[in-house]
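S.K.: Using full-length UniProt numbering, you'd call the opening residue of the sequence shown number 1 and step up by one each time.
All C-beta atoms, glycine included, are put in the ideal place defined by N, C-alpha and C.
The structure follows.
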Amino acid sequence: MTGNQFIGAIDQGTTSTRFVIFDHEGKLITYHQMEFEQHYVQPGWVEHDPYDILASVDTCIEHAVRKLSLLGHDASSIQCVGITSQRETTIVWDSETGQPLYPAIVWSDNRTSHTVQALASQPHLPKDLQGTEALRSICGLPLANYFSAVKLRWLLDNIPEVKEAYENNRLQFGTVDTWLIYNLTGGVEKGGVLVTDVTNASRTMLMDIHTLQWSDKAINFFGFQDLRLAKIVPSSRVYGNFTGGSLQGIPISGCLGDQQSALVGQKCFQIGEAKNTYGTGCFMLFNTGPKPVFSSNGLLSTVGYQFEGQEPTYALEGSIAVAGSSIQWLRDNLSIIHQANEINELAAKVPSTAGVYFVTAFSGLFAPYWRDDARGTICGLTQFTTREHIARATLEAVCYQTKAILEVMNKDAGQPLRALKVDGGVSNSDVCMQIQADILNIEVERPQMRESTALGAAIAAGLAMGVWNNIDDLKNVNNDGRTVFKSQISDRRRRKLYNGWKEAITRSFGWADVVANEAESLNEHL
């Protein structure tokens, strides 16, 4: 690869999209980022406009390419592009027109609680397919609001246009990666490619985690016998070329779900290595090697990555629904801060939360609790409490939930983690990362270049195009330095803080119906 050639990465996240351009050593050359609108149409509901997602990608590409030209390089210097995206978010469209049939239902949306209950108790199914653990041995996942198949079942049961398209064999289902690749490679007019990589497919509840193929048993469980599904492919392969815009003709050759992409970007290629991404949500992935490890403690078994011509690498995952979005909530709903980055300064003004705990269960709790009935709770308020204490409690909430995940992850993996690699927007907060090291009592390592998610997609794309021949060639990628945070508190202090959190978390349980009833009463009075 010559000095004037680069790799692009589309990083399509929950609240924003970016297009990042790297050189062959993983150095960030330039990028463009933009937020797009979130639609909270009812309590617990979160939607995106699929066209907003696509438009944000187009905009970021054009702006980043323009910035690259100011550095003396044109779009032809980009050799290939990888895509990483939010995972379980569900999009359905008409296969003949290419038009979306409903807004994208976002991964954190929890409208499907009753759907989960109905699916977990289907009287016509055998006993081994009853309950929320019915499909774990097949897909590695529990039955929960989080996953795509549950959202799709809700769409078929509640949206007539979706049901009609299904009955007429015109319903195309896809996660965000499928929607993007399909449209960027031509869409309905030019024969766009319909694929999904193994990491994204592993989040639908429809893929057999052992065979990496769609599971007839899972498909029948959800009642999707005639569903159009994209082809499952490795994370590193040439899928097709851009058919328009500045990148026309350039191959798309990498695809990973956002959290798996960060695992690759952090180069967690050895069994026992783990990363934690602090984005809209917070997601810890632990490399378990060539065979899936099944959790007894509420964690998810997932595909970490699969490069072309190689066996898959699996991971255990612990997911936290709310991380950076809680900071956004402080900004947009409470006006405690005006810019997201202000939280670091605000939290640093106090040495502790003065006994305040903030359980950020806006749409329930994910691993290891899996409580759809939980809702956000602030405990320990007194007249002494200030916005600084609440700001610090918001950061601590992410760190406590990470500790809960790591405790059970160590049990399931059979070996304790010695260092945690971190990335994502919230990891920019030194205060938060120090709190994390204090709570975990292990080293927390933060890379100097923190676009690990985008870098993972670029690595996958580059491997497919021969930029690197194998992972051994990546040893010099993104090695410009790391900041290491170490615990600065005593074991006694650590236990006391965490015991307080465990008390607070139980106070958040059982509030979902209260919130829902209040919302119904409000609607009746409007």
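Could you check if Pro447 is buried or exposed, using at least 16 other CB atoms within 10 Å of its CB as the buried criterion?
M.R.: It counts as buried.
S.K.: Tell me whether the beta-carbon of Leu212 lies closer than 8 Å to the beta-carbon of Ala457.
M.R.: No.
S.K.: If you count every other CB in all the chains shown that lies within 10 Å of the CB of Gln260, and 16 or more means buried, which is it?
M.R.: Buried: at least 16 other Cβ atoms inside 10 Å.
S.K.: Provide the residue span of the alpha helix (DSSP H) that contains Tyr314, from first to last.
M.R.: Tyr314 -> not in any alpha helix (DSSP H); beta strand (DSSP E) instead, spanning 313 to 320.
S.K.: Just the Cα atoms here: how many angstroms apart are Gly3 and Ala512?
M.R.: Its pLDDT being 47, under 50, Gly3 is placed unreliably in this model, and the value from its coordinates should be taken loosely. Roughly 56 Å between the two C-alpha positions.
S.K.: Just the Cα atoms here: how many angstroms apart are Tyr40 and Arg375?
M.R.: The alpha-carbon atoms of Tyr40 and Arg375 are separated by roughly 16 Å.
S.K.: Please name the residue, chosen from Ser69, Ala504, Val188, that lies closest to Tyr357 on a Cα-to-Cα basis.
M.R.: Of the listed residues, the one whose Cα sits closest to Tyr357 is Ala504.
S.K.: For Val398 versus Val422, is the C-beta spacing smaller than 8 Å?
M.R.: No. Outside cutoff.
S.K.: Does DSSP put Leu420 in a helix, in a strand, or in coil?
M.R.: Residue state, collapsed to three classes: strand.
S.K.: Going by C-alpha distance, which of Ile459, Glu47, Ile442 is nearest Thr15?
M.R.: Of the candidates Ile459, Glu47, Ile442, the one whose C-alpha sits nearest the C-alpha of Thr15 is Glu47.
S.K.: Could you compute how far the alpha carbon of Lys267 sits from the alpha carbon of His24?
M.R.: Rounded to the nearest angstrom, the two C-alpha atoms are 15 Å apart.
S.K.: Pop quiz: Thr280 and Leu316 are said to be a contact at Cβ under 8 Å. What is the actual Cβ separation, rounded to whole angstroms?
M.R.: With 8 Å as the limit, Thr280 and Leu316 do not qualify as a contact, their Cβ atoms being about 21 Å apart.
S.K.: To the nearest whole angstrom, what separates the beta carbons of Val198 and Thr185, a pair I think is in contact under 8 Å?
M.R.: With 8 Å as the limit, Val198 and Thr185 do not qualify as a contact, their Cβ atoms being about 19 Å apart.
S.K.: In whole angstroms, give me the CA-to-CA distance for Gln12 and Lys217.
M.R.: Whole-angstrom Cα-Cα distance: 31 Å.
S.K.: Alpha carbons only, please: which of Lys403, Met409, Cys379 is nearest the one belonging to Ser301?
M.R.: Closest by alpha carbon: Met409.
S.K.: Provide the residue span of the beta strand (DSSP E) that contains Asn276, from first to last.
M.R.: That run of the beta strand (DSSP E) goes 274 to 278.
S.K.: Got a sec? Which residues, its chain only, sit under 8 Å from Ala437 by beta carbon, not counting five neighbours each side?
M.R.: Contacts found: Glu443, Val444, Phe485, Lys486, Ser487, Gln488.
S.K.: Short of 7 Å in beta carbon distance, which residues of its chain neighbour Asn183, apart from the five on each side in sequence? Order them along the chain.
M.R.: If we look at Asn183 and ignore the five residues flanking it on each side, its Cβ neighbours are Leu54, Gly192.
S.K.: Starting from Val65, follow the alpha helix (DSSP H) in both directions and report where the run begins and ends.
M.R.: That run of the alpha helix (DSSP H) goes 50 to 70.
S.K.: Give every residue of the same chain whose Cβ lies closer than 8 Å to the Cβ of Lys411, excluding the five residues on either side of it in the sequence, and list them in chain order.
M.R.: Only Ser296, Asn297 meet the Cβ criterion.
S.K.: Are the stretch 329 to 338 and the stretch 365 to 373 touching by the rule of at least three beta carbon pairs closer than 8 Å?
M.R.: They do not touch, by the three-pair rule.
S.K.: Where do the ends of the beta strand (DSSP E) carrying Asp197 lie?
M.R.: Run containing Asp197: 195 to 197, per the beta strand (DSSP E) assignment.
S.K.: From which residue to which residue does the beta strand (DSSP E) around Pro447 run?
M.R.: Element bounds for Pro447: 443 to 447.
S.K.: In angstroms, rounded to a whole number, what distance separates the CA positions of Gly304 and Gln383?
M.R.: About 47 Å.
S.K.: Would you tell me roughly how many angstroms separate the C-alpha atoms of Ile138 and Ala393, rounded to the nearest one?
M.R.: Distance between the alpha carbons of Ile138 and Ala393 is about 38 Å.
S.K.: In its own chain, which residues sit with a C-beta less than 8 Å from the C-beta of Met449, not counting the 5 before and 5 after it?
M.R.: Gly26, Lys27, Leu28, Leu455, Asn478, Asp480, listed in sequence order.
S.K.: Does the beta-carbon of Gln42 have 16 or more other beta-carbons within 10 angstroms, so that it is buried, or is it exposed?
M.R.: When all chains shown are included, Gln42 counts as exposed.
S.K.: Please list the terminal residues of the continuous alpha helix (DSSP H) segment that includes Ala348.
M.R.: Its alpha helix (DSSP H) spans residues 342 to 348.
S.K.: Got a sec? Which residues, its chain only, sit under 6 Å from Gly462 by beta carbon, not counting five neighbours each side?
M.R.: Only Ile7, Trp468 meet the Cβ criterion.
S.K.: When we look at the beta-carbon of Leu180 and count the other beta-carbons within 10 Å, is it buried (16 or more) or exposed?
M.R.: Buried is the call here.
S.K.: Considering only the beta carbon of each residue, do Lys496 and Ile439 sit closer than 8 Å?
M.R.: No, they are not a contact pair.
S.K.: At what residue ranges does the stretch 107 to 167 contain a whole run of the alpha helix (DSSP H), taking only runs of 4 or more?
M.R.: Here the runs fully enclosed are 113 to 120, 136 to 139, 148 to 158, 160 to 167.
S.K.: Could you tell me whether the stretch 83 to 98 touches the stretch 107 to 116, where touching means 3 or more Cβ pairs closer than 8 Å?
M.R.: As far as the Cβ criterion goes, the stretch 83 to 98 touches the stretch 107 to 116, which means the pair count is three or higher.
S.K.: Just the Cα atoms here: how many angstroms apart are Thr59 and Asp74?
M.R.: Spanning the two alpha carbons is a distance of roughly 17 Å.
S.K.: Could you pull out every residue in the same chain whose Cβ sits closer than 7 Å to the Cβ of Asn169, ignoring the five residues on either side in sequence?
M.R.: For Asn169, where only same-chain residues beyond five positions count, the Cβ hits under 7 Å are Asp226.
S.K.: Based on the DSSP secondary-structure assignment, which residues constitute the bridge partners of Met284?
M.R.: The partner list for Met284 (beta bridge, DSSP) reads Asn276, Gly318.
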